[in-house]
Amino acid sequence: MKIVTADQMIRIDRECADNGLPTSVLMENAGKAVAIEVTRILGDYYSKKIVILAGPGNNGGDGLVAARYLWDSGLEVSLYLFGKRRTDDPNLEMIHDRNISCNEISTSNDLDELNSDLQNADAVLDAMFGTGNNRSLEGVFRQALDKVGKAIGKNPNLHIFAVDIPSGMNADTGVVDDVCLYADDTITLGYPKVGMYNQPGSERVGRITVVDIGIPSQMVENINLDLNTAERVKTLLPRRPISANKGTFGRVLVIAGSVNYIGAAYLACSGAMRVGAGLVTLATSASIQTILASKLTEATYLPLPEIDGQINSTVSVKLIKDQITNYDAVLIGCGLGQSERIVELIKRLLIDNEIDYPPVVVDADALNILANEPEWWRDFKGNAILTPHPGEMARLTGMKVEEVQQDRLKVAEEAAMKWNQTVVLKGAYSVIASPGKATIINPAANPGLASAGTGDVLTGVIAGLLAQGLPPADAASCGVFLHGEAGERVKKRFGDTGMIASDLLMELPIIIKNIKEGISG
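Using my numbering, read the sequence shown as starting at -8 and increasing by one per residue.
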């Protein structure tokens, strides 16, 4: 599924009209689809009351159509109409034909009834402004949204729906007006909008539902920004032939762990195994290998010799280089630490090497060590997937974390092009960017995943898929999706408080099974 900008959506509307699909038809489809989603989400909706705020443009027109369908479904509808509409507007005529309560708003005095309506309402549908409005909200528009915001404070159960995007949110940047509502559900039309996945807009949209309004698929063929979906991932998952052996499903070499971060190695290896890697070998300090072997019984090991309790980087580099070409993918960084010897190990493996490595996933401490090397990417050989969280990306790019978060899409794409590698910018709505490929935004935004070790699981998942033959961009996007879906399954059972990284592991094969069988959730 494509993700669009405001200008792209305007172009799509224009091309639809030029090809015999007028705005009136799209508006009818949109309003009907919004009404269907509202009734589905509200559940036992009969006789419930909804307040609809309809603006002067097409977003308001969508609201008028939705008002009609919601009324016909049995909801009590109270409509507030902002701005003059044509007296012969057929959607307005059908509102009047049904005697739906309709308040035309032009001054603040016209809003007097809104407070009492909100006190008795079960839901609000924000259809004031859509993708075409990038101005700050003023006058009665601001006053109305302010009243809704105050009503939420008095009635936290008041359900807020937004049509396409919440009014006051920039559809491209995610920048919001201060009165922009925190929607419980945003029902977006045709295609999701880029700004929904940028902060602070991502905090305002709530759950995102994309509804089909009849736009022909050829209208978006040249757009290079995709939403990660189960349907997409299903086409990419590795096949599992019945004649396979463990070599068929790839060998992963994991270089991870230290005395302070033993669990990181366990989680990374387990993530790779749980997505189907045939063999996982852990290269780690000899002193913790015995500890891990008691818990990680399915892995094989490459114990790395130590001096004074630290990895002997000189000997370890030779051991790893002697073995590395026997593997289909390498993972490096999780829980290694950043001691002087580890810095030397990372530099000699990733920068000062002359061996043709299999593709490598670079995470955590390895990223931070690279960040301290000027123009490290110029000497970096082979294919890699780099998986920074915002703090690591800030160090790699020399930016502030706030700057990274303000335009995650642009930052990830520019980094991928500059480094000539696949980049996963982790966080709510992770971004996967790769040179010459469509950029992918993952739909998961789960605060439960903000806990120690979940990134190690993700890195292992990506490495496991990489070893099974997926190209780096596909391994990254599939891995991020599976990881996010595993988090959603855990969240459904336990909520988003107290989720720990190991909770994700057993969910991974279930998610893969469900995707292959076309089962949601």
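No residue lacks a Cβ here, since even glycine has one placed at the ideal position from N, Cα and C.
Exercise. From Y257 to L273, what distance separates their C-alpha atoms?
Worked result: Stepping through the sequence shown from its first residue, residue 257 is reached at position 266. Stepping through the sequence shown from its first residue, residue 273 is reached at position 282. Approximately 9 angstroms, taken between the alpha carbons.
Exercise. Closest by CA to L287, which one among Q301, G262, E297, I302?
Worked result: By one-based count along the sequence shown, residue 287 stands at place 296. Its Cα nearest to that of L287, the residue G262 stands out among Q301, G262, E297, I302.
For this session: Measure the CB-CB distance between I432 and Y420 and report whether it falls below 8 angstroms.
Result: Mapped onto the sequence shown, residue 432 falls at position 441. Mapped onto the sequence shown, residue 420 falls at position 429. It is a contact, given that the beta carbons lie within the stated cut-off.
Problem set entry | Presumed contact (8 angstroms Cβ cut-off) between V(-5) and K184, rounded CB distance | Sequence index remark: in the sequence shown, residue -5 carries index 4 (1-based). Sequence index remark: in the sequence shown, residue 184 carries index 193 (1-based). Under the criterion of beta carbons closer than 8 angstroms, V(-5) and K184 qualify as touching, at roughly 6 angstroms.
Problem set entry | Where M18 falls: helix, strand or coil (DSSP) | Position 27 of the sequence shown, counted from the start, is the residue given in the question as residue 18. Correct three-state label for M18: helix.
For this session: Please list, in chain order, all residues of the same chain as Y252 whose beta carbon is under 8 angstroms from its beta carbon, the five residues on each side excluded.
Result: The count along the sequence shown starts at 1 and reaches residue 252 at position 261. C325, G326, L327, G328, listed in sequence order.
Exercise. What are the uninterrupted segments assigned as alpha helix (DSSP H) that are 4 or more residues long and contained completely in the segment 303 to 328, given in chain order?
Worked result: 304 to 314
Exercise. Three-state secondary structure (DSSP) at E297?
Worked result: Position 306 of the sequence shown, counted from the start, is the residue given in the question as residue 297. Strand at E297.
For this session: State whether the segment 57 to 70 contacts the segment 108 to 126, with contact taken as three or more CB pairs (one from each stretch) at a distance under 8 angstroms.
Result: yes
Problem set entry | Between the CA atoms of E479 and W367 - distance to the nearest angstrom | As a working mapping, residue 367 is identified with position 376 in the sequence shown. As a working mapping, residue 479 is identified with position 488 in the sequence shown. W367 and E479: Cα-Cα distance of roughly 36 angstroms.
For this session: Measure the C-alpha to C-alpha separation of V402 and Q412 and round it to an integer number of angstroms.
Result: In the sequence shown, residue 402 corresponds to position 411, counting from 1. In the sequence shown, residue 412 corresponds to position 421, counting from 1. Rounded to whole angstroms, the separation of the alpha carbons of Q412 and V402 is 14 angstroms.
Exercise. Sorted by chain position, which residues of the same chain lie with C-beta nearer than 6 angstroms to I32's C-beta, five sequence neighbours on each side aside?
Worked result: Your numbering for residue 32 matches position 41 in the sequence shown. Cβ neighbours of I32 beyond the five flanking positions: D176.
For this session: State whether the segment 186 to 197 contacts the segment 156 to 164, with contact taken as three or more CB pairs (one from each stretch) at a distance under 8 angstroms.
Result: yes
Problem set entry | Runs of beta strand (DSSP E) lying entirely within the segment 130 to 197, each at least 3 residues, in chain order | Uninterrupted beta strand (DSSP E) stretches at least 3 residues long and entirely within the segment 130 to 197 occur at 150 to 154, 176 to 180, given in chain order.
Problem set entry | Residue interval of the beta strand (DSSP E) (run including A424) | The residue you call residue 424 lines up with position 433 of the sequence shown. Segment 422 to 424, the beta strand (DSSP E) holding A424.
Problem set entry | Cβ shell of D169 (< 7 angstroms), same chain only, five flanking positions each side left out | Here the question's residue 169 lines up with position 178 in the sequence shown. Excluding positions up to five away in sequence, the list is empty.
Problem set entry | E383 burial status per 10 Å Cβ neighbour count (16 or more: buried) | Taking the first residue of the sequence shown as 1, we reach residue 383 at position 392. Answer is buried; the Cβ neighbour count reaches 16.
For this session: Pick out whichever of V42, N49, D53, I86 has its Cα sitting closest to the Cα of Y71.
Result: Reading the sequence shown from its first residue, position 80 is the one you call residue 71. Measuring from the Cα of Y71, the nearest candidate turns out to be V42.
Problem set entry | For S64 and G439, the rounded distance between their alpha carbons | Sequence index remark: in the sequence shown, residue 439 carries index 448 (1-based). Sequence index remark: in the sequence shown, residue 64 carries index 73 (1-based). Their Cα atoms are separated by approximately 37 angstroms.
For this session: Select from T30, G418, N49, K409 the residue whose C-alpha is nearest the C-alpha of V395.
Result: As a working mapping, residue 395 is identified with position 404 in the sequence shown. Residue G418 is the option with its Cα nearest to V395.
For this session: Please classify F240: is it buried, with 16 or more other beta-carbons within 10 angstroms of its beta-carbon, or exposed?
Result: In the sequence shown, the residue the question calls residue 240 occupies position 249. Buried, by the Cβ-count rule.
Exercise. Would you call the CB atoms of A357 and I315 closer than 8 angstroms?
Worked result: The sequence position of residue 357 within the sequence shown is 366, counting from 1. The sequence position of residue 315 within the sequence shown is 324, counting from 1. If you check the CB distance, A357 and I315 do not come in under 8 angstroms.
Exercise. CB V29 to CB F132, shorter than 8 angstroms?
Worked result: Sequence index remark: in the sequence shown, residue 29 carries index 38 (1-based). Sequence index remark: in the sequence shown, residue 132 carries index 141 (1-based). No.
Problem set entry | Element boundaries [alpha helix (DSSP H), containing N49] | On the sequence shown, position 58 is the one that residue 49 refers to. It spans 49 to 64 - the alpha helix (DSSP H) in which N49 sits, taken as one unbroken run.
For this session: Report yes if the CB atom of L456 is closer than 8 angstroms to the CB atom of V266, and no otherwise.
Result: For the purposes of this step, residue 456 is taken as residue 465 along the sequence shown, with counting starting at 1. For the purposes of this step, residue 266 is taken as residue 275 along the sequence shown, with counting starting at 1. Yes, these two residues count as a Cβ contact at 8 angstroms.
Exercise. Does the pairing of the segment 306 to 321 with the segment 336 to 352 give three or more beta-carbon distances under 8 angstroms?
Worked result: yes
Exercise. When you compare each of A8, L227, A45 to A467 by their alpha carbons, which one comes out closest?
Worked result: Residue 467 sits at position 476 when you count from the first residue of the sequence shown. For A467, the closest of A8, L227, A45 by C-alpha to C-alpha distance is L227.
Exercise. If we ignore side chains and look at the alpha-carbon of each, how far apart do G22 and P379 end up?
Worked result: Residue mapping note: residue 22 aligns to position 31 of the sequence shown, counting from 1. Residue mapping note: residue 379 aligns to position 388 of the sequence shown, counting from 1. Rounded to whole angstroms, G22 to P379 spans 41 angstroms at the Cα level.
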